[in-house]
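In what follows, a structure is listed as structure tokens, so that the remarks can point back to it.
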Amino acid sequence: MTARIAEVLIPLALDQTYSYAVPAGLDLAAGDVVAVPLGPRSRIGVVWEMRPGSGGNLKPVEGRIDVPPMRPALRKLVDFVARYTLAPKGSALGLALRLPGDAPDVTRVGVRLAGPPPERMTPARHRVIEAAAGGLVHTKRDLAKLADVSTGVIDGLVDAGTLETLALTAAPVVEDPDPAFARPDLSPDQRAAAQTLAAAVATAAAERAGTAPPPPVILIDGVTGSGKTEVYFEAVAEALRLGRQALILMPEIALTSAFLERFAARFGVRPAAWHSAVGTRRRDRILTGVEAGSVKVVAGARSALFLPFRDLGLVVVDEEHEQAYKQEDGVCYHTRDMAIVRGRLEAAPVLLASATPSIETRVNVGWGRFRRVALPERFGGRSLPSITTIDMRRDPPSQGRFLSPLLLREVERTVAAGEQALLFLNRRGFAPLTLCRACGHRTSCPNCSAWLVEHRFRRALVCHHCGHTERVPEACVACGSVGSLVPCGPGVERIAEEVAQCLPEARRIVLSSDFPGGTERLRTELEAVAKGEADIVIGTQLVAKGHNFPGMTLVGVLDADIGLTSGDPRASERTFQLLQQVTGRAGRGAKPGRALVQTYQPEHPVIAALVSGEAERFYAEETAAREAAGLPPFGRLAALIVSGEDRAAAEAHGRALAQVSEPPPGVMVLGPAEAPLALIRSRYRFRLLVKAVREVNLQAYLRAWLARAGKPRGSVRVAVDIDPMSFL
DNA sequence: AGCACGCCGACT
DNA sequence: GTCGGCGTGCTC
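Read in order, the letters of the first sequence correspond to residues 1 to 728 in the UniProt record's numbering.
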């Protein structure tokens, strides 16, 4: 037998595999999970490749870990993610290598009658033997309960040989979803869409073995309330009928029990939910089930993308446009894009669902890489809310107020009719700025120079960038004047105060991400609101997403202009999506809805498109504007190359490198005059970007490239907007 | 990730 | 004179 060398990838920030000798008698293959010595310790790694050779003076592999090997598709995904994000391979492996923890084994212990009665009989023992009569297998706990004794008695009988133990197969972590459980009642549009999706699933399943064309990526572009979920459930049903697994990816906040219940209503049982709040024990069981193929459907947040599916037949990316899909620390990747890669590697169609698809997805549809299935109408004959603007220059609120009289009147009418109103303001806290009337000083964060936001409920000034918190001072820190500090501008807390003054009878609730009591309480509050336990919701963007409020007929957008001037290249797109989502909250129940949008610039393209409903035109214009501005085309990694933390040096470097005619592959060099420089306007964000770059290892990549290209090295720093669009 | 080596501030 | 900060580098 030829001696062989194992190339082992270790889930650390290492970009190479390490070579190990394979001891005699150990038969290893690519994908095997092994323990290897690394420095002074032993590490778990994955055999990435086997190659012939004599181990020589290499350290030997310590041994194989008894877990299923990593499948080729998942290994290829790891390779791809590393290459695409310029992350070290080992870091990418870290996303995919999940070993069941050392939680106690999940097999329950069963006992049954197997021997003669014990020499010492007691009443308790007698009851146990009676209960166990018939030879049935019971779990320890059940039998103890049945006989009304403690489990200690059972243990005693096991020791005496009267009972024997045997391993019971654990109850499955989830029951099998039944594709025939409840056939949905679909509209003709929905049915046609569902058939298209199901056909794609079936075709991909039939062709997976051959050298078929890659499975399709299909955008389900449906207005809010059009029943996208019900439609893609039919694709899930098809995957189930074919015996394949399905993965539904969604932003963490959307993984509510409401969603899981909707799934259960269609398939009879909840899917396996995979997110950060799932306990380790349950995670282990889901992991094993996914690997064995017994868990058929996983609904999960982005980390679920790397689960070791045995036969993945469908990937759904719900709310495809969501920013939460971007992983920004560690390996920086976009879950949607990597889901597309995984779909291709697994021969599984990928469905992207959104009411407000991202620009890159639209472009990909336009280029013919993705297919598109449209659901242009709300389900059940419901109409989309009417959207009108309130020009704040013509109908301003009274002094010191933020609600236009027009909006206030509508809110009042809504509440009087027993319906719900949502006031949307994407700003947490009471006031975004605190100003000293005496000297003009603005309270700002000592760490990052952003303004401190007053949180009146908490009686604190908070930096929304770094989290710095301080007490609201009595006197101005600059001039010492007492009582001169005035809040400027509104946050949701301040709006709540205004609502309390204007409509004191109405039940109101403020919902923002800093809701006291954390995510759990927030979820219960959201459900309470959905049941109608509030008249007026004052909320930040978290109310724009996911949740369904059937009684909500009015949405008031308080400051539609927020975010339009942020300097972020995606500002317009994001604002448009956010406003479309939030106005779409209105009229999802029996009664039609309307939305009023307060703005100082009703003629702004974003606002105009929102009101006219001409989303397509807006996206086309936005795409063209980006191209004209030299912003990265979709399919590239954009990099802004700067040096050090000093702005002037950064710009000089940027200028120099912008003249380089051949940027390294995959990297687009942008000059300092171009828009992304706005990203480094504040020190804080700049640091973040530098951090991001260190993590994607772009710096090392560029350094190597500079050396090869014979360019001066300098101290190269790189800032990137990691937004790699699919280049498939 | 750990754990080493290595070069500059406050202390027995 | 040392202890200790964390910056850079290495692990087959």
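The beta carbon of each residue, even a glycine, is placed where N, CA and C say it ideally should be.
Lys326 carries a strand assignment under DSSP once its states are collapsed to helix, strand and coil.
Looking at the DSSP output, Leu375 sits in a beta bridge with Gly222.
The bridge partners DSSP lists for Trp451 are Ser444. Shortest Cα-Cα distance from Glu175 to any of Ala147, Leu352, Arg266, Lys296 involves Lys296.
Under DSSP, Ser19 shares a beta bridge with Glu7. Excluding the 5 residues flanking it on each side, Ala264 has same chain C-beta neighbours closer than 7 Å at Arg270, in chain order. Put simply, the stretch 419-438 touches the stretch 475-488. At least three CB pairs are less than 8 Å apart.
Sequence-distant partners of Glu474 (beyond 5 residues in either direction) whose C-beta falls short of 7 Å from its own C-beta, in its chain, are Val482. Looking from the CA of Glu164, the closest CA among Val217, Glu493, Ile129, Glu410 belongs to Ile129.
Straight-line spacing of the CA atoms in Gln323 and Gly593 works out to 27 Å.
For the pair Leu136 and Leu166, the Cα-to-Cα distance works out to about 12 Å. Distance from the CA of Glu261 to the CA of Thr229, rounded to the nearest whole angstrom, comes to 12 Å. A Cβ-Cβ contact shorter than 8 Å links Leu558 with Ile495.
DSSP places Thr389 inside the beta strand (DSSP E), whose first and last residues are 386-391.
Only residues of its own chain outside the window of five on either side were considered, and among them Thr389, Ala560, Asp561, Ile607 have a CB closer than 6 Å to the CB of Thr599, listed in chain order.
Remark: C-beta atoms of Pro88 and Leu14 approach each other more closely than 8 Å. Positions of the beta strand (DSSP E) runs, each at least 3 residues long and wholly inside the stretch 171-235, are given as 217-222 in order along the chain. A residue is called buried when at least 16 other Cβ atoms come within 10 angstroms of its Cβ; Arg141 does not meet this threshold and is exposed. Apart from the 5 residues on each side of it in sequence, Asp178 sits with its Cβ closer than 7 Å to the Cβ of Phe267, Gly268 in its chain, given in chain order.
Restricting attention to Glu419, Glu291, Phe402, Ala132, the CA atom closest to the CA of Leu74 is found in Glu291. Boundaries cannot be given for Gln541, as no beta strand (DSSP E) includes it and DSSP labels it neither H nor E. In the DSSP annotation of this structure, the continuous segment of the beta strand (DSSP E) that includes Phe424 starts and ends at 420-424.
If you draw a straight line from the Cα of Leu240 to the Cα of Leu249, it is about 17 Å long.
Between the alpha carbons of Gly313 and Leu242 lies a distance of about 9 Å. Rounded to whole angstroms, Gly53 and Pro72 show a C-alpha spacing of 23 Å. Each residue's CA atom was taken as its position, placing Val217 and Val81 some 18 Å apart. The beta carbons of Leu503 and Val411 sit closer together than 8 Å. In this structure, the straight-line span from the alpha carbon of Arg336 to that of Gly563 is close to 24 Å. For the options Ala96, Val61, Gly381, the alpha carbon positioned closest to that of Met70 is the one of Ala96. Nearest in C-alpha terms to Tyr232, of all of Thr224, Leu197, Ala144, Asp311, is Leu197. Fewer than three beta-carbon pairs drawn from the stretch 280-290 and the stretch 336-353 are found closer than 8 Å, and the two stretches are therefore not classed as touching.
The three-state secondary structure of His604, taken from DSSP, is coil. The straight-line gap separating the alpha-carbon atoms of Asp514 and Glu346 is approximately 40 Å.
Close CB contacts of Pro357 within its chain, under the 7 Å cut and outside five residues either way in sequence, are with Leu219, Asp221, Glu320, His321 (chain order).
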